[in-house]
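Chains as they are written, first to last, in this note's numbering: chain V, 320 to 669; chain W, 320 to 669; chain A, 320 to 669. Just so it is clear, CB atoms sit at the ideal spot from N, CA and C, and this is done for glycine as well.
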Amino acid sequence: MQFNEIIENLKQGQSGVVDFKIKNNPVILAAASLDKAKVNDISFLDNNSPLNLRNLLEISKASALLLPANDNYIVEMTKKIQVDWILLKEPKIAFAETLEFLYPSNIESEGIHKSAVIGTNVKISPGVSIGANVYIGDNTEIGAGTVVHAGVVVYKNVSIGAKNLIHANSVIHSGSTLGDECVINANAVIGGEGFGFVPTSNGWKKMPQVGIVILKNKVEVGSGSTIDRPSVGETIIGEDTKIDNLVQIGHGVTTGKSCAMAAQVGIAGGAQIGDGVILAGQVGVSNRVKIGDRVIASSKTGIVSNVEAGKVVSGFPALPNKLWLRCSANFKKLPEIAKAVRQLDRRNSR
Amino acid sequence: MQFNEIIENLKQGQSGVVDFKIKNNPVILAAASLDKAKVNDISFLDNNSPLNLRNLLEISKASALLLPANDNYIVEMTKKIQVDWILLKEPKIAFAETLEFLYPSNIESEGIHKSAVIGTNVKISPGVSIGANVYIGDNTEIGAGTVVHAGVVVYKNVSIGAKNLIHANSVIHSGSTLGDECVINANAVIGGEGFGFVPTSNGWKKMPQVGIVILKNKVEVGSGSTIDRPSVGETIIGEDTKIDNLVQIGHGVTTGKSCAMAAQVGIAGGAQIGDGVILAGQVGVSNRVKIGDRVIASSKTGIVSNVEAGKVVSGFPALPNKLWLRCSANFKKLPEIAKAVRQLDRRNSR
Amino acid sequence: MQFNEIIENLKQGQSGVVDFKIKNNPVILAAASLDKAKVNDISFLDNNSPLNLRNLLEISKASALLLPANDNYIVEMTKKIQVDWILLKEPKIAFAETLEFLYPSNIESEGIHKSAVIGTNVKISPGVSIGANVYIGDNTEIGAGTVVHAGVVVYKNVSIGAKNLIHANSVIHSGSTLGDECVINANAVIGGEGFGFVPTSNGWKKMPQVGIVILKNKVEVGSGSTIDRPSVGETIIGEDTKIDNLVQIGHGVTTGKSCAMAAQVGIAGGAQIGDGVILAGQVGVSNRVKIGDRVIASSKTGIVSNVEAGKVVSGFPALPNKLWLRCSANFKKLPEIAKAVRQLDRRNSR
Chain V
320 MQFNEIIENL KQGQSGVVDF KIKNNPVILA AASLDKAKVN DISFLDNNSP
370 LNLRNLLEIS KASALLLPAN DNYIVEMTKK IQVDWILLKE PKIAFAETLE
420 FLYPSNIESE GIHKSAVIGT NVKISPGVSI GANVYIGDNT EIGAGTVVHA
470 GVVVYKNVSI GAKNLIHANS VIHSGSTLGD ECVINANAVI GGEGFGFVPT
520 SNGWKKMPQV GIVILKNKVE VGSGSTIDRP SVGETIIGED TKIDNLVQIG
570 HGVTTGKSCA MAAQVGIAGG AQIGDGVILA GQVGVSNRVK IGDRVIASSK
620 TGIVSNVEAG KVVSGFPALP NKLWLRCSAN FKKLPEIAKA VRQLDRRNSR
Chain W
320 MQFNEIIENL KQGQSGVVDF KIKNNPVILA AASLDKAKVN DISFLDNNSP
370 LNLRNLLEIS KASALLLPAN DNYIVEMTKK IQVDWILLKE PKIAFAETLE
420 FLYPSNIESE GIHKSAVIGT NVKISPGVSI GANVYIGDNT EIGAGTVVHA
470 GVVVYKNVSI GAKNLIHANS VIHSGSTLGD ECVINANAVI GGEGFGFVPT
520 SNGWKKMPQV GIVILKNKVE VGSGSTIDRP SVGETIIGED TKIDNLVQIG
570 HGVTTGKSCA MAAQVGIAGG AQIGDGVILA GQVGVSNRVK IGDRVIASSK
620 TGIVSNVEAG KVVSGFPALP NKLWLRCSAN FKKLPEIAKA VRQLDRRNSR
Chain A
320 MQFNEIIENL KQGQSGVVDF KIKNNPVILA AASLDKAKVN DISFLDNNSP
370 LNLRNLLEIS KASALLLPAN DNYIVEMTKK IQVDWILLKE PKIAFAETLE
420 FLYPSNIESE GIHKSAVIGT NVKISPGVSI GANVYIGDNT EIGAGTVVHA
470 GVVVYKNVSI GAKNLIHANS VIHSGSTLGD ECVINANAVI GGEGFGFVPT
520 SNGWKKMPQV GIVILKNKVE VGSGSTIDRP SVGETIIGED TKIDNLVQIG
570 HGVTTGKSCA MAAQVGIAGG AQIGDGVILA GQVGVSNRVK IGDRVIASSK
620 TGIVSNVEAG KVVSGFPALP NKLWLRCSAN FKKLPEIAKA VRQLDRRNSR
């Protein structure tokens with residue numbers, strides 16, 4: 320693809336082309352980060368990039384650059400650099416779109432592999448691809464254009480919408496409902512039984528888990544992540560919510576739209592999470608906690624009580640982020656503080 | 320099922336029926352939480368429920384209620400409410416039993432699917448169900464009534480007892496021994512090799528892991544959880560111990576009876592855990608630590624040294640829970656404390 | 320195997336035989352820990368073992384012992400004990416080697432199981448074993464002596480070297496490259512798409528993940544662990560690096576040689592990790608952080624900024640280990656410290 324074609328493509332997209340220079344109009348063969356780029360690669364610098372990345376601009380071997388338009392330093396630099404460039408409102412979105420042009424994901428339906436085992440009364444829409452050694456349980460429905468990779472197991476009575484991508488060896492339990500355009504990554508488990516046991520004098524009594532899991536449209540679930548069904552009712556993951564690898568979502572959790580949960584997050588049963596909530600890696604959320612819209616929790620935060628919309632929280636138990644930063648800064652001075660207190664005490668008790 | 324039938328069934332169970340009112344004797348079609356219940360649903364309120372749940376009683380649309388007998392406020396309320404109810408010593412157990420009546424899990428043996436691959440010298444008892452694309456290694460035994468779902472891989476020389484439920488795509492390694500009535504959830508791994516490497520001048524030297532994993536009766540293992548075998552000897556999970564999703568149990572760990580380990584708990588090699596221990600989500604336990612009977616660790620606790628029986632611990636490194644609560648309360652005052660110390664210091668050094 | 324044969328075998332190995340006593344020359348049938356050993360077992364005591372293990376020497380029922388040569392107390396004791404022994408520079412390595420003699424892992428090629436599904440243009444070298452219900456995608460290569468267990472899914476265009484051991488139901492995505500002598504444990508996922516989404520006014524925009532994962536020689540990946548591919552470029556795991564269970568390695572991470580990452584470690588995207596780095600259980604590493612060679616992080620550490628080579632760090636956010644130990648010791652005195660400060664304040668404000 321030549322550089323001018325990329326410009327034309329980006330103009331159709333969401334990244335906001337502001338200006339560009341076509342001088343060499345190089346053939347673009349690949350995309351790469353600034354430090355790894357070679358001749359005929361395209362690379363990008365995001366808005367507000369740190370200095371160590373900005374400094375790479377002058378030494379990068381990339382043949383074309385996607386650059387932030389709202390950055391005077393960069394705009395000045397474009398006057399000097401030899402390679403072709405595009406100034407954009409959203410250079411990261413431009414890079415994502417460019418990757419789509421350069422590396423189209425040609426998901427062609429391969430039909431139903433002869434080794435797949437399909438139950439009775441299964442409804443498979445046109446254009447569905449079902450890989451080798453897949454098992455689909457009775458009464459399950461799979462919408463148009465969905466791709467089910469090798470080794471996937473879908474239990475009975477599951478409803479899977481259109482254009483889903485279900486990766487190898489993942490498991491979807493009975494009663495689960497997936498919307499359209501979801502991605503289930505490899506070895507994820509959707510709709511396993513919630514962890515519900517009642518103590519009795521005779522050991523644990525199991526609380527039957529007869530509820531279901533619902534994934535709305537455009538939900539993505541990372542490799543090895545697990546989303547449990549509840550005893551009654553539903554576990555619901557809201558539209559466009561993205562879940563990274565090895566995340567645990569307990570029974571009866573509900574999340575709003577467009578949340579992001581990074582790897583190894585754990586959300587205990589019944590937690591209610593608003594729209595646009597971002598939980599960084601290894602965050603934990605306790606049973607039945609309510610988290611308002613647009614809350615952000617930094618890595619390893621433990622949220623044990625409700626959090627109001629818009630708050631940024633950190634630490635365990637979670638504190639407002641700015642307070643936590645100050646507390647942490649003082650935590651590392653604790654030996655000095657303790658020593659000062661001992662000295663004051665001694666002096667005062669004379 | 321009609322309401323009076325549920326009463327009769329509960330009388331046979333463990334929940335302790337104290338009193339009831341049959342007036343409408345509704346048909347009960349489903350079970351639901353108080354806030355989600357519709358007409359013809361049954362719902363429950365547990366002992367010592369918080370106010371926000373208790374307040375739902377008056378507005379719930381449920382047609383029948385399971386209520387705590389030991390609660391004067393509730394007993395008074397039963398005189399006023401229109402719907403039928405049962406007063407119970409253990410309403411949560413009653414709800415679990417009611418779910419069993421309403422949603423019987425009809426696990427019927429489906430025999431051995433023709434796509435399953437069974438090794439040589441495998442002993443399969445009557446009533447065993449083996450799903451599609453399962454692999455069973457040589458010399459393995461499977462007890463009566465056990466269900467092995469699609470895609471499961473059982474290596475050689477495994478002993479599986481009666482009435483186990485082994486969910487899709489889980490893996491059981493050579494030498495593992497499962498008792499009766501265990502549940503292995505999807506994508507769990509039982510008996511993988513422990514993480515044992517000895518540093519040498521030439522890199523890591525692998526310590527062979529030739530031990531085995533033993534799960535006693537009624538053990539449940541969550542989706543994606545991993546239980547490793549040791550270099551020599553056994554990793555043992557005690558009877559009735561319940562393990563949630565994405566839990567790691569290291570090589571050579573032993574646990575007692577009726578423990579509960581919530582999601583994402585990690586227990587390092589050689590730890591010895593007593594009976595009735597409860598570890599909340601994301602708890603970590605260090606190598607070879609001994610934890611006494613009935614210890615409770617709250618979420619994210621890091622247990623790095625032995626804990627005596629009956630203790631409740633929190634934080635990292637673990638402290639007695641009450642102490643930790645007070646320390647945490649003061650942690651968030653650290654900026655003030657540090658400021659006060661600086662001021663005192665200044666004043667005193669004048 | 321008789322005891323004298325073990326001595327002869329160990330002399331060929333890396334453990335440094337210093338002295339030995341052959342008196343009974345017992346038949347050795349098995350290996351065990353000191354406390355569990357029975358007659359005809361061999362056991363060992365490592366260098367610098369704690370007292371509770373040393374005390375087991377006198378009561379162990381083992382028929383032969385591997386003991387540290389650099390320990391005067393032990394050397395004295397060898398003069399008194401009845402059983403045969405070997406003094407070694409590295410008794411733990413000797414034990415590892417002895418396990419190899421006693422329990423040889425006879426991995427014999429079983430050829431390609433007839434239920435395996437092999438794509439087009441797949442190159443399979445001699446001596447490769449492919450288990451039941453395996454799927455191998457088009458254009459993939461598998462080197463000599465590699466064993467692929469039942470249920471594994473390998474996507475298209477994967478390169479797998481020689482003598483790899485790939486356990487059941489693991490998944491290897493397109494473009495991944497494995498060196499020689501790697502071990503992929505059950506249900507691990509290599510090369511899943513990185514978690515890359517760009518916020519837009521219209522929800523999340525996916526950053527295509529078109530990079531690849533490279534595992535160098537002798538890499539081991541634990542059960543259920545996930546290693547993601549990046550948007551562009553490579554995620555690289557260095558030679559001889561060992562990864563435990565349920566570990567998450569984000570997109571674009573690079574690690575050096577001979578690192579060890581314990582269970583449930585999470586490494587966020589773009590982190591750069593040196594040689595010989597050891598991360599204990601549940602450690603988290605933030606985006607793009609650089610960790611120098613031979614850094615050690617104790618359990619649950621959260622590394623949010625660069626760490627210089629050779630440092631030992633602990634806590635969250637990570638501090639030098641010794642400082643953190645002192646801060647933690649003072650954390651549990653916070654209630655007293657706060658009280659002392661209040662009293663001083665009161666006295667001073669009189």
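Tell me which same chain residues have a C-beta within less than 6 Å of the C-beta of residue i, skipping the five on either side of it?
| i | result |
| --- | --- |
| Trp-643/V | Ser-633, Gly-634 |
| Tyr-454/V | Val-436, Val-472 |
| Asp-365/W | Pro-410, Lys-411 |
| Ala-507/A | Ser-489, Val-540, Ser-544 |
| Gly-533/W | First, the amino acid is wrong: residue 533/W is Ile here, not Gly. Excluding positions up to five away in sequence, the list reads Thr-496, Glu-553, Ile-555. |
So residue i contacts chain W; which residues on that side make the cut at Cβ distance below 8 Å?
| i | result |
| --- | --- |
| Asp-563/A | Phe-514, Gln-567 |
| Leu-638/V | Lys-651 |
Given that residue i touches chain V, what residues does it touch there, using C-beta distances under 8 Å?
| i | result |
| --- | --- |
| Tyr-454/A | Gly-450, Ala-451, Asn-452, Ala-469, Gly-470, Ala-487 |
What residues of chain W sit near residue i, judged by a beta carbon separation below 7 Å?
| i | result |
| --- | --- |
| Thr-496/V | The contacting residues do not exist; Thr-496/V stays about 16 Å from chain W at best. |
| Asn-359/A | Simply none; closest approach about 14 Å. |
Go through its chain and collect everything with a Cβ distance to residue i's Cβ below 8 Å, but skip five positions before and after it.
| i | result |
| --- | --- |
| Ala-481/A | Ser-444, Gly-462, Ala-463, Gly-464, Thr-465, Asp-499, Glu-500 |
| Asp-612/W | Gly-575, Gly-593, Asp-594, Gly-595, Val-596, Ala-628, Gly-629 |
| Leu-407/W | Leu-329, Ser-334, Gly-335, Val-336, Val-337, Leu-385, Leu-386, Pro-387, Ala-388, Ala-413 |
| Cys-646/V | Gly-634, Leu-638 |
What's the gap between the Cα of residue i and the Cα of residue j?
| i | j | result |
| --- | --- | --- |
| Ile-405/W | Ile-326/W | 8 Å |
| Ile-378/V | Asp-403/V | 14 Å |
| Ile-586/A | Ser-550/A | 16 Å |
| Glu-655/A | Ala-648/A | 12 Å |
| Gly-446/A | Gly-430/A | 7 Å |
| Val-337/V | Pro-387/V | 9 Å |
| Pro-302/A | Lys-524/A | This structure cannot settle anything about residue 302/A, because the visible part of chain A is limited to 320 through 669. |
| Ser-495/A | Ala-469/V | 17 Å |
| Leu-370/W | Met-526/V | 23 Å |
| Tyr-392/W | Phe-339/W | 16 Å |
| Ser-382/V | Ile-347/V | 8 Å |
| Gln-583/A | Gly-603/V | 14 Å |
| Asn-359/V | His-432/V | 39 Å |
| Gly-588/A | Ala-487/A | 27 Å |
| Phe-363/W | Ile-509/V | 27 Å |
| Ser-448/V | Ser-493/A | 17 Å |
Can you pull the chain V residues whose beta carbon is under 7 Å from the beta carbon of residue i, in chain order?
| i | result |
| --- | --- |
| Cys-646/A | Phe-650, Lys-651, Leu-653, Pro-654 |
Report the CB separation of residue i from residue j in whole angstroms; it is logged as a contact under 8 Å.
| i | j | result |
| --- | --- | --- |
| Val-608/A | Ile-622/A | 6 Å |
| Thr-417/W | Ile-341/W | In fact, because the Cβ distance is near 15 Å, the residues do not count as touching under 8 Å. |
| Asp-264/A | Ile-562/A | For residue 264/A there is no data in the structure shown, the boundaries of chain A being 320 and 669. |
| Ala-590/W | Asn-606/W | 7 Å |
| Ala-505/W | Gly-511/V | 6 Å |
Taking residue i as the query, report the chain A residues whose CB atoms sit under 7 Å from its CB, ordered along the chain.
| i | result |
| --- | --- |
| Ser-352/V | Val-551, Gly-552 |
I want to verify the contact list: residues of chain W whose CB lies under 9 Å from the CB of residue i, in sequence order.
| i | result |
| --- | --- |
| Tyr-422/A | Pro-527, Val-529 |
| Arg-666/V | Asn-667 |
Residues of chain A with CB closer than 9 Å to the CB of residue i, please, in chain order.
| i | result |
| --- | --- |
| Gln-591/V | Per Cβ cutoff of 9 Å: no residues; Gln-591/V is ~20 Å from chain A at best. |
Considering only residues of the same chain and omitting the five flanking positions on each side of residue i, which have a CB-CB separation below 7 Å?
| i | result |
| --- | --- |
| Ile-529/V | Rather than Ile, the amino acid found at residue 529/V in this sequence is Val. Closer than 7 Å at Cβ, skipping near neighbours: Ser-550, Val-551. |
What are the start and end residues of each continuous beta strand (DSSP E) run of 3 or more residues lying completely inside the region 363–389 of chain A, in chain order?
383–387, all fully within the region 363–389 of chain A.
I'd like the ranges of any alpha helix (DSSP H) spanning at least 4 consecutive residues and lying wholly in the region 576–624 of chain A.
Complete alpha helix (DSSP H) runs here, min 4: none at all.
In chain order, which continuous runs of the alpha helix (DSSP H) of length 4 or greater are located wholly inside the region 636–666 of chain V?
Taken in chain order, the whole alpha helix (DSSP H) runs of length 4 or more contained in the region 636–666 of chain V are 640–650.
Would you mind listing the beta strand (DSSP E) stretches within the region 499–523 of chain V that are 3+ residues and don't spill past its ends, in chain order?
Taking 3 residues as the minimum length, the beta strand (DSSP E) runs contained wholly in the region 499–523 of chain V are 508–512, 516–519, in order along the chain.
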